[in-house]
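Chemist:
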Amino acid sequence: MFPGSKVVVKIELRDRSTHRAESIIKALIPDNVEVPKGLSINMNTRGPKITITLTANGIGVPALLGTLDEILEHVSVAEKVIG
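Each residue of the sequence shown is one higher than the last, beginning at 535 in our numbering.
Next comes the structure, spelled out in structure tokens:
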């Protein structure tokens, strides 16, 4: 990325229930404590909808895509564990 550039990626997922969506977010919180410098992650739910927003300030695309891929993988695992 160019120095000083900012990229925002917003992911919206819809789950079957509000309770499951909240459980998935709770499962993701410990995994997103340490993120690359220049990257922030905001996660929330509204009803059964999960919104995950990644904001990257001056970090490379590979780091951003790697983090995005990891988050989606953890969502998939959480969905399987929750049932």
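A virtual CB, placed ideally from N, CA and C, is assigned to each residue, including glycine.
Computed from a predicted model, the values in this text were never measured in an experiment.
1) Distance, Cα to Cα, V615 vs P596?
2) Our contact map puts A590 next to L573 with C-beta atoms below 8 Å; I'd like the distance itself, whole angstroms only.
3) Classify S610 as helix, strand or coil using the three-state DSSP reduction.
4) Could you give the residue range of the beta strand (DSSP E) that holds E546?
5) Consult DSSP for I593 and reduce its assignment to one of helix, strand or coil.
6) With distances taken from CA atoms, which of T601, G617 and V611 is nearest E568?
Modeler: If we stick to the structure as given:
1) One-based indexing of the sequence shown puts residue 615 at position 81. One-based indexing of the sequence shown puts residue 596 at position 62. One C-alpha to the other measures close to 28 Å.
2) Within the sequence shown, numbered from 1, the residue matching residue 590 stands at position 56. Within the sequence shown, numbered from 1, the residue matching residue 573 stands at position 39. Indeed, because the Cβ distance is near 5 Å, the residues count as touching under 8 Å.
3) The residue labelled residue 610 in the question sits at position 76 within the sequence shown. Looking at S610 - three-state DSSP - the assignment turns out to be helix.
4) To locate residue 546, count along the sequence shown from 1; it is residue 12. E546 -> beta strand (DSSP E) spans K540 to R548.
5) Position 59 of the sequence shown, counting from 1, holds the residue named residue 593. Coil, per DSSP.
6) As a first step, residue 568 must be located in the sequence shown, where it is residue number 34. Cα-wise, what sits closest to E568 is T601.
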